[in-house]
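What follows is a single structure, written as structure tokens, with notes after it.
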Amino acid sequence: MFKNISLIFKALNQGESLFHVETWKNVQLVTNAITAILMVVVVFVPQLNLTPETIQDLASGIALIGGVINGYLTVATTKKIGLGNAPIEPTELHNLDTATDSVPAKDSLDGGSKLLSGK
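When we follow our numbering, the leftmost residue of the sequence shown carries the number 736, and every step to the right adds one.
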């Protein structure tokens with residue numbers, strides 16, 4: 736049992752992912768759809784006779800659970816994003832001149848980079 740729990744967290748590391756990604760992406764879509772349907776039912780079905788506070792609590796709970804599942808599956812079904820010590824690709828931000836608020840930008844004509852003033 737503890738091995739399965741550790742595998743759940745291991746899938747959150749960058750470079751790791753769950754097996755059968757397509758199936759898990761379908762689970763993610765179904766979870767989002769169920770979350771949306773439950774929110775609509777709770778808010779717009781007057782026969783439930785819910786107080787505004789109860790509606791708020793149910794909507795918050797549904798959004799929380801749906802958000803956690805959605806966030807987990809987003810990270811756990813790809814190897815490109817995740818937690819951990821992944822190597823960071825160099826960017827042009829090292830050329831940033833904070834004194835003049837300049838930012839680096841690619842020049843689409845010659846493929847080089849130039850510093851463009853943010854002012």
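C-beta: ideal position from N, C-alpha, C; glycine also.
Check, Outcome
"Straight-line Cα distance separating Leu773 from Thr789", "14 Å"
"Proximal residues to Gly819 (C-beta, below 7 Å), its chain only, five neighbours per side dropped", "Asn748, Gln749"
"Beta-ladder partner(s) of Leu818, from DSSP", "Asn748"
"Exposed unless 16 or more other CB atoms sit within 10 angstroms - verdict on Thr812", "buried"
"Cα-Cα separation, Leu866 to Asn739", "The displayed coordinates of the chain run from 736 to 854. Any statement about residue 866 would go beyond what the structure contains."
"Rounded distance between the beta-carbons of Val762 and Leu793, thought under 8 Å", "In fact, because the Cβ distance is near 22 Å, the residues do not count as touching under 8 Å."
"Residue span of the alpha helix (DSSP H) that contains Ser787, given as start and end", "Before going further, note that residue 787 is Pro rather than Ser in the sequence given. Note, Pro787: alpha helix (DSSP H), 787-811."
"Leu753 burial status per 10 Å Cβ neighbour count (16 or more: buried)", "buried"
"Element boundaries [alpha helix (DSSP H), containing Leu774]", "The sequence given here places Met at residue 774; Leu does not occur at that position. Unbroken alpha helix (DSSP H) run through Met774: 756-779."
"Under 8 Å between C-beta atoms of Ile804 and Thr766", "yes"
"Local Cβ density within 10 Å of His755, reported as buried at 16 or more and exposed below that", "exposed"
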